[in-house]
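Student: Can you keep this structure in mind? I'll have questions shortly.
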DNA sequence: GCGCAGCCCATTTTT
DNA sequence: TGGGCTGCGC
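Structural data, given as structure tokens:
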């Protein structure tokens, strides 16, 4: 393959004669700070741009692209710019367009890792044993396929779930492994030691289905690059400049892919923030960014540390928090802003109360003129959302949950797409299975089992098996006729698809298949919205020139632009909040076992704890003006009341930037007084600042600390001491009483934290201040 | 096919 | 606690 430089491409890019040397005084450099400017003009050789939260990294990145183009270093088609999300890709495209005007059509290598890898793989599909029309499977298909593989292997599907094996296989692919290169010892614990065998079967099945899953897109690329040096060389010389966004989130496969491509030009600029690496559990390797200077010798490292987003208190709190991590490159965010509120930390009696107070704050902000969409509630896990949703509904506060079930994951959209997939690629058994009898067309379990058995016995796809079966008498006449009709339909659509625009063919398929009628006649309450969604599908299809393009879009751009009205409070997980910013941010549920998540730590120990801490850092740095952290002393989790400890992250916040508004005595001597009330009036507590003054804090700390221990002197203490260590008031064996759990006996004491065997609710960990002598 | 009872489980989820 | 899945009975 050759890559002639088209003149029109140059013209579109607005390029004059190519000139060496940049134009450091060009207008687009105006308004950049020194570091940003350095990151823009350091075009040659490897560059690591360590860009802290809110430091204008996208601006630097897009200006860098503009600079490369404007200085004639490369044509748009010679720049590879990869992101993780479509949203980021879109934003980058728009912003580069804003800088250079036209010429963006030539920038065809700006996209997500997966979309770019898919383009490359389609060009060389046969080298990976696929046809260029291969289908891209989504996560759901992967699980279903994995399930089939487990069943075929005769393993117990309950013991080894499809999801489990799919996750294991995905993990290997994230590391760039194939069945041949996966170390044998890794499979030992999975599926009776047969995991690699399952991996191999899974890959064989994919080939038969003419399909690739997400991981394959990258792994096939890598395999092809390694096996065919001429192809690799071709891309190496094409991509003169490479830019990578969110480098801290790259997995091994992506790293290998980048390294192969960058070997020749070495002009690779990776942008990221090790402190915001929160996808380790999905295969992201923070080490990639930590190791950058070793991987790319002679690399220039540029730190963007000037923050344009947040107040000094927010930055101070975030910086102190993240400094507890060991595995980091180290950055210090600063701002020249002076003004701003302290970060507020509030300890609250229980989870419901927390939701009430947060929503009360939101209403108060709203009535003082703050727009609802300038506020966000960020939680660790989605189960925490319910309390807030209930409260929002009760108060009539409009809110928006980010990240719920997505358009392309809904049943009806997936069904519709399965029809399209089958028409395009009749080997797509997953699509076949999904819709062969949906709507019911008398293709019951018997007939389909017959199809499967025949397909497996002859090593052919379900469609092919079906074709063969209708000419034999292996199936009962009813099934045979149904199958024949089904095949005829699919064949007819496939013929029509050659001549008709995708929108028309989509409509024909959905109508003639009876799928639309299926929902029209459905008594389900959801039928109307399903029908609306099907219309949406057709609408979406009509925006594409070919069905192939639409299907790729669906697989790779699993998002759907839905109207996003203003005037709604945002409610989402911390993960979903990455990359966003809000004037006011609420961070509830900062309690041990919830945040940091117990499960994460159980699974991954210290590394997971650091990742949880990065998540906390991401949360705090989303706030522009006002950050309000809270924790509850009691919380219902899975229907059980639990006594909660404040998160260790609370203790890591610096006192200088934090104002504590704990409800009086939650973790101090007044706990019993407090506990004797049946409820707390949120409004009263909010104005109750009596307990929030240094004297009270000192008194509280003094009461809590063991006799003889030095007092905490105000101003000297470096952390917030809501959780000051102290001696337990009760000895092991003591009878105690707790407001929620009743009577019990102390079985273990560790500082103020006691384990109590309650007579009726079993063993619990509680803080001694909640207990009275029983 | 459907409806219901019982059972199990329960982070995060860019593509 | 509650949702999602399964298996059973019609």
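In the working numbering, the protein residues as written are 442 to 1215. Every residue, glycine too, gets a C-beta built ideally from N, C-alpha and C.
(1) Are there 16 or more other CB atoms within 10 angstroms of the CB of residue 687, so buried, or fewer, so exposed?
(2) Give a yes or no on whether the C-beta atoms belonging to residue 903 and residue 896 are separated by under 8 angstroms.
(3) Can you check which of these residues, 669, 549, 552 and 783, is closest to residue 1064 by C-alpha distance?
(4) Are the segment 744-751 and the segment 491-499 touching, with three or more C-beta to C-beta distances below 8 angstroms?
(5) Run through DSSP, which three-state label would residue 652 get?
(6) Since residue 873 is in the alpha helix (DSSP H), which residue starts that stretch and which ends it?
(7) Spatial neighbours of residue 855 within its chain, please: CB distance less than 6 angstroms, with the 5 preceding and 5 following residues excluded, ordered by chain position.
(8) Which of helix, strand or coil does DSSP assign to residue 741?
(9) Please classify residue 1100: does DSSP put it in a helix, a strand, or coil?
(10) Inspect the CB distances between the segment 766-785 and the segment 1092-1104 and report whether three or more fall short of 8 angstroms.
(11) Output the distance between the C-alpha atoms of residue 756 and residue 951, rounded to the nearest integer angstrom.
(12) Buried or exposed, going by whether 16 or more other CB atoms sit within 10 Å of the CB of residue 505?
(13) Taking the beta carbon of residue 691 as the centre, do at least 16 other beta carbons fall within 10 Å, making it buried, or is it exposed?
(14) For residue 1082, which of helix, strand or coil comes out of DSSP?
(15) Please determine, among 792, 521 and 1200, the residue with the shortest C-alpha to C-alpha distance to residue 549.
(16) In its own chain, which residues sit with a C-beta less than 6 angstroms from the C-beta of residue 866, not counting the 5 before and 5 after it?
(17) Please classify residue 630: does DSSP put it in a helix, a strand, or coil?
(18) Considering only residues of the same chain and omitting the five flanking positions on each side of residue 979, which have a CB-CB separation below 8 angstroms?
(19) Hey, would you say residue 1029 sits closer than 8 angstroms to residue 1088, going by beta carbons?
(20) Spatial neighbours of residue 734 within its chain, please: C-beta separation below 8 angstroms, excluding the five flanking residues on both sides.
(21) What ranges does the beta strand (DSSP E) occupy inside the segment 755-807, keeping only unbroken runs of at least 3 residues that lie completely in it?
(22) Might you give, ordered along the chain, the residues of its own chain that have their beta carbon closer than 8 angstroms to the beta carbon of residue 928, omitting 5 neighbours on each side?
(23) Considering residue 1027, what are the terminal residues of the beta strand (DSSP E) in which it resides?
(24) By DSSP, does residue 500 sit in helix, in strand, or in coil?
(25) For the beta strand (DSSP E) containing residue 962, list its first residue and its last residue.
(26) Round the Cβ separation of residue 1054 and residue 1090 to the nearest angstrom and send it over; I've been treating them as touching at under 8 angstroms.
(27) Using 10 angstroms around the beta-carbon of residue 613, count the other beta-carbons present and answer buried if the total reaches 16, otherwise exposed.
(28) Go ahead and label residue 1204 buried or exposed: buried means 16 or more other beta carbons lie within 10 angstroms of its beta carbon, across all protein chains shown.
(29) Got a sec, what are the start and stop residues for the alpha helix (DSSP H) residue 478 sits in?
(30) Do the segment 607-627 and the segment 640-654 meet, that is, are 3 or more Cβ pairs less than 8 angstroms apart?
(31) Determine contact between the segment 508-521 and the segment 537-553, defined as no fewer than three beta-carbon pairs at a distance below 8 angstroms.
(32) Reducing DSSP to helix, strand and coil, say where residue 493 ends up.
(33) Flag this pair as touching only if the segment 916-935 and the segment 874-888 have three or more C-beta atom pairs under 8 angstroms; answer yes or no.
(34) First and last residue of the alpha helix (DSSP H) that includes residue 854?
(35) Is it right to say residue 556 is buried, meaning 16 or more other beta carbons lie within 10 angstroms of its own, or is it exposed?
(36) Take every Cβ of the segment 855-864, pair it with every Cβ of the segment 986-998, and state whether three or more of those distances are shorter than 8 angstroms.
Tutor: Checking against the coordinates, here is how it stands:
(1) buried
(2) yes
(3) 783
(4) The answer is yes - the segment 491-499 touches the segment 744-751, with three or more Cβ pairs under 8 angstroms.
(5) strand
(6) 870-876
(7) Hits under 6 angstroms: none found.
(8) strand
(9) strand
(10) yes
(11) 54 angstroms
(12) buried
(13) It is buried - the Cβ of residue 691 has at least 16 other Cβ atoms within 10 Å.
(14) strand
(15) 521
(16) 574, 576 and 651
(17) Residue 630: coil per DSSP, three-state reduction.
(18) 944, 947, 948 and 951
(19) no
(20) 489, 740 and 742
(21) 784-791
(22) 904, 907, 908 and 911, listed in sequence order.
(23) 1023-1028
(24) Three-state DSSP puts residue 500 in a helix.
(25) Here residue 962 belongs to no beta strand (DSSP E), and DSSP marks it neither H nor E.
(26) About 6 angstroms separates the two Cβ atoms, so the contact holds.
(27) buried
(28) exposed
(29) 475-482
(30) yes
(31) yes
(32) Taken through DSSP and simplified to helix, strand or coil, residue 493 comes out as coil.
(33) yes
(34) 852-865
(35) buried
(36) Result yes; three or more Cβ-Cβ pairs closer than 8 angstroms.
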